[in-house]
Amino acid sequence: MRILVVDDDYLGREILLSFLEEYGVCESACDGGEALDKFHAAHEAGMPYDLICLDVHMPVLDGNQVLAEIRKTEETTSHKSCVFIITAYESPQLIDDISGADDFISKPCSANLIKRLFERHHLLSGIVSVRHHVLVVSGDPKTRDRIMKALSSEAISLTECTTFREAEQVAVTGPFSAVIADVPTIVKAKDDERMAVFSLQNIYPLVRVKTSGDLIVPIIMKQKDRGQSLTVHLEKICSTFLPRQLRAYKRHNSFIPVQIRKSDGLEYQTFTMNISWGGAFIVMNSTWGMATGNILTVCMPTLGITIVTDIVRIQPWGEQGVAPGIGVKWEAQHNLPILEGLRKVFKTDINEDRDRLLG
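Our numbering numbers the first residue of the sequence shown as 15 and each following residue consecutively.
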């Protein structure tokens, strides 16, 4: 089960995530705009969310607007997400005015409340204990089918891709533990597809396989493991790797003057250490009094950019070899001033600036 939690309250978001993690793969968003970005990306990747927990009062887009867009999109698809509204009310009076919601989660939340909601909406019946999410890449439909049939474990969730570039796009939507691909697809990769192969194998374990009749055989397997099934072989590989989600954009080392204003009126003058189409790391001599989820106004005068955003990462002072500071995020494709300002820095288009590891 894939779950998305949308709440601009950091603490409330983390508490709800802690209750939901046992039921599936959880992701989060801190405002309505980010929620719709993730919702559409998941649909385009063929991995739609089964459950969306949605706060009402949020920046960018409120819960009503987000839910309306979700239901509008679902009219053209066969999948419908279950949507729970997050509310501080003790009765469902709030969702009376919210068309399209399935139920509500009242604050403070509890494990028993979540379980009752899952039982009420028959969500427990579809849950399996998935431990590893794996990308399957092959340009041959028959080979993909054979790989899918060979990996029959409920502990492994497989996502089919016809190219490595498609696999990159899917890996941006959530954490994965490995990539499995047939040798002909790897060998035939050229130009940008070849770069995608190199990048993915430098980030994830890449299991190369070949076909032998109807069998799928790993190319590299220790002698003592030759009698194992492909499923057991892949589970061993995944169990030693911490799942990773690709960043959508490349980080550029760039020192850009920044003015920051906190919600309490305090202002700082500093600079970026790195920046991308999706956010920046801003150097701060002290991060005291700052926390993830705090709202800031970030101004970069030389680029003509001013944006209200939130802190998504705190790097405290004192860790060897690491500058102290904060990470902030934005979505450049939805903000024309940011889009135009960052083009001055990157000299490239947003769709051509992937985060690839080629070294």
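Note that CB positions come from ideal geometry on N, CA and C, so glycine has one too.
For residue 77, there is no enclosing beta strand (DSSP E); the enclosing alpha helix (DSSP H) has its first and last residue at 77 to 88. When rounded, the separation of the alpha-carbon atoms in residue 346 and residue 27 is 24 Å. DSSP, reduced to helix, strand and coil, places residue 199 within a helical segment of the structure shown. The shortest CA-to-CA distance from residue 306 to any of 276, 313 and 318 is the one to 276.
Three or more Cβ pairs closer than 8 Å define a contact, and the region 352 to 367 falls short of that threshold against the region 295 to 303. Closest in C-alpha terms to residue 101, from the list 338, 258, 87 and 21, comes 21. Under the three-pair Cβ rule at 8 Å, the region 204 to 215 does not count as touching the region 156 to 176. Selection 181, 258, 233 and 331 evaluated against residue 247 yields 233 as nearest (Cα-Cα). Bridge partners of residue 40 according to DSSP: 17.
Going by beta carbons, residue 189 and residue 258 fall inside the 7 Å limit. Of the residues assessed, residue 147 falls on the buried side of the cut-off, its CB having 16 or more other CB atoms within 10 angstroms.
By a beta-carbon distance limit of 8 Å, residue 195 contacts residue 222. Their separation comes to about 6 Å.
DSSP places residue 255 outside both helix and strand once states are collapsed to three, so it counts as coil. At a Cβ-Cβ threshold of 7 Å, residue 115 and residue 97 count as neighbours. Within the model, the alpha-carbon separation for residue 362 versus residue 356 is close to 9 Å.
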